[in-house]
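Residue 2 is where the sequence shown starts when you use my numbering, and the numbers rise one by one after that. As structure tokens, the structure follows; a few thoughts come after it.
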Amino acid sequence: MIRKMLASSILWRALTAVSGWVDRQWEKSFLRRALLGPERLPVRGLGIAETAVGKVRALYVGLFKKLRLDRLTEGSVFLRTDLFMLLTVFCAPILPTMAVLALALATAFSLMLRIGRGEMRLQSSPLNKWIYLFVALTLASTAMSVTFRESLAGGVLTSFFALFSVAVVTVCAKDRGKLELLLRAIVVSGFIVAAVGVMQYALGGTSRSSWVDSNIYTDISLRVVSTLENPNVLSEFLLLAAPLGVASAINAKSLNGRLWAGIATATMCACLIFTWSRGGWLGFALGIAVFLVALDTRFAVVGVLGLAALVVVMPGAMLNRLSNIGDRADASTNYRYYIYMSAFDMIKNYWMSGVGTGVSAYKAAYSRYEYAAVIAPHAHNLLLQILCESGFVTLFALLAALFTAFRSAASVAARTKDRELKVWAAAIMAGGVGYMLQSMTEYSFYNYRVTLVFWMIVGLAVSMRLLEEREKPAL
């Protein structure tokens, strides 16, 4: 009955016509071809770097057998690389950084054992070269830092966690079960973190004064932090996890599975609201739009109408918080304005080399460029921070790696006939795009645990593309 009423509605027919036109224009556009890349990944011969890596691997495997380490490690729990990787991604937002690092090191050690035994080799992918370049430049920036000793730990952590994306591709590119298990692990840990945040809000309390401008936002007394010590960092993690919760609900095989995933997603959304992070809210809105359009481009028109309706139904406190984004009377907006001005001045002098990896090097240089005596630990913008720390080429390598990952997910979402894989790819795109939007107002690599989750998402996006390519029938 409802379907017949909609079909006979003039408004519905007009909306359908406009959506269909948008869809047809998108299918023919150059932008679509540029974003999605080729139908199939090009088959390349071994380059010089890959040939060299192959020879090193052959020597490593030979040494392993000569020392009889293959027999010594037979049946060892450390051969379960997938298990250690699962524990790492699950515990990343929950445990302290050093505990997460220990799990990540155990994963790397396990992977090296598997390679030494000849059971596994690093998976070649379009992502690898950009990750290696980013890591090499980050380590070089660390070595030349104006505060080398203080930068060392941060530079090594940043590099190691970026390399984790290559490990994810190696483990998941040939095994769909492991890929989906990691995705669901992020949803479960997201639910736990969000539940802690919601309980914090329910029990009440107050936030640090620097997180809330009480002169403007008299109705906000608490911004939840859960296990991540900062409301903006918490929102960054939730931006990555919540879309995966939506995908998990859609892909669930049973009613109980859909119910659980729905509860987990609702809890993460509620916690995101209670962070009162404007960048997080905008990132989530953009992420949902990307998710819907990735599933069907005709949702673009519906999204515009939905955005207009959202302004009408949004609670007053949220609307007030969003409306002051560009208002210099808002303390956090004014604070960021002066920081950005200082960062631009710093970049003019250090655009090629940067001042060194980490907030210590940034703070050491920042004192010469600060405006209005505003003290800042970082640039409150990921791109500006990378430019200040490591220079233009490092930023280019980072953006190239992210473009490769998002292009991989977009290609799967647009082309695969596998509905579940399409939904997972759309969710990865949504989380990544939302995270990067918030990165325009925050230094989103500041918290290493969330950075690790982000790099794992990058690896999963590329793994999905390689997996889809492997499952695609031959032409």
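In this text, a Cβ means the ideal position worked out from N, Cα and C, and glycines have one as well.
(request) Report yes or no: is there a C-beta of chain E within less than 8 Å of the C-beta of R177? (result) Checking the listed chains, one finds no chain E in this structure; it contains a single protein chain.
(request) Could you give the DSSP three-state label for D419: helix, strand or coil? (result) Three-state result, D419: coil.
(message) Which complete alpha helix (DSSP H) runs does the region 173-258 hold, if anything under 4 residues is left out?
(response) Whole alpha helix (DSSP H) segments, 4+ residues: 177-204 and 232-252.
(request) With a 10 Å radius around its C-beta and 16 neighbouring C-beta atoms as the bar for buried, classify M269 as buried or exposed. (result) Classified as buried, M269 has 16 or more neighbouring CB atoms from the shown chains inside 10 Å of its CB.
(request) Can you have a look at L239 and say buried or exposed, based on whether 16 or more other CB atoms are within 10 angstroms of its CB? (result) In the assembly as shown, L239 is a buried residue. Its beta-carbon has 16 or more other beta-carbons within 10 Å.
(request) Using beta-carbon positions only, say whether L403 and L396 come within less than 8 Å of one another. (result) Contact: no.
(request) Kindly indicate which three-state DSSP category T159 falls into: helix, strand or coil? (result) DSSP places T159 in the helix class (H, G or I) of the three-state scheme.
(message) Here's a check: name, in chain order, each residue in its chain whose Cβ is nearer than 6 Å to the Cβ of L1, leaving out the five neighbours to either side.
(response) The first residue shown for the chain is 2 and the last is 476, placing residue 1 beyond what the model contains.
(message) Under DSSP, the alpha helix (DSSP H) around I387 begins and ends at which residues?
(response) First-last of the alpha helix (DSSP H) with I387: L383 to S391.
(request) Buried or exposed for P127, please, with buried defined as at least 16 other CB atoms from any protein chain shown within 10 angstroms of its CB. (result) Around the Cβ of P127, a 10 Å sphere holds 16 or more other Cβ atoms; the residue is buried.
(message) Helix, strand or coil, according to DSSP, for F446 in the structure here?
(response) In the structure shown, the three-state DSSP call for F446 is coil.
(request) Identify which residue in V101, R416 and K418 has its Cα closest to the Cα of M86. (result) Comparing Cα-Cα distances from M86 to each of V101, R416 and K418, the minimum goes to V101.
(request) Would you kindly check if the distance between the Cβ of A410 and the Cβ of A462 is under 8 Å? (result) Taking 8 Å as the Cβ cut-off, A462 and A410 qualify as a contacting pair.
(request) Could you check the C-alpha separation between R259 and V188 for me, to the nearest Å? (result) Cα to Cα, R259 sits roughly 13 Å from V188.
(request) Report yes or no: do three or more beta-carbon pairs, one from the region 58-74 and one from the region 137-144, lie closer than 8 Å? (result) Three or more beta-carbon pairs separated by less than 8 Å are not found between the region 58-74 and the region 137-144, which leaves the two stretches without contact.
(request) Report the rounded CA-to-CA distance for V375 versus S236, giving the unit in angstroms. (result) Approximately 25 Å, taken between the alpha carbons.
(request) Measure how close the beta-carbons of F407 and G432 come, nearest whole angstrom, since I'm counting them as under 8 Å. (result) Rounded, the Cβ-Cβ distance is 10 Å, inconsistent with contact.
(request) Inspect the beta-carbon positions of M121 and T74 and report whether they are closer than 8 Å. (result) No, the pair does not count as a contact, with Cβ atoms beyond the cut-off.
(message) Assuming V54 and M457 are in contact, meaning their beta carbons sit under 8 Å apart, how far apart are those beta carbons, in whole angstroms?
(response) Not a contact, Cβ separation roughly 22 Å.
(request) For the alpha helix (DSSP H) containing W282, list its first residue and its last residue. (result) That run of the alpha helix (DSSP H) goes R279 to L296.
(message) For N382, count the other beta carbons within 10 Å of its own beta carbon; 16 or more makes it buried, fewer makes it exposed. Which is it?
(response) Classification of N382: buried, given that the 10 Å Cβ count is 16 or more.
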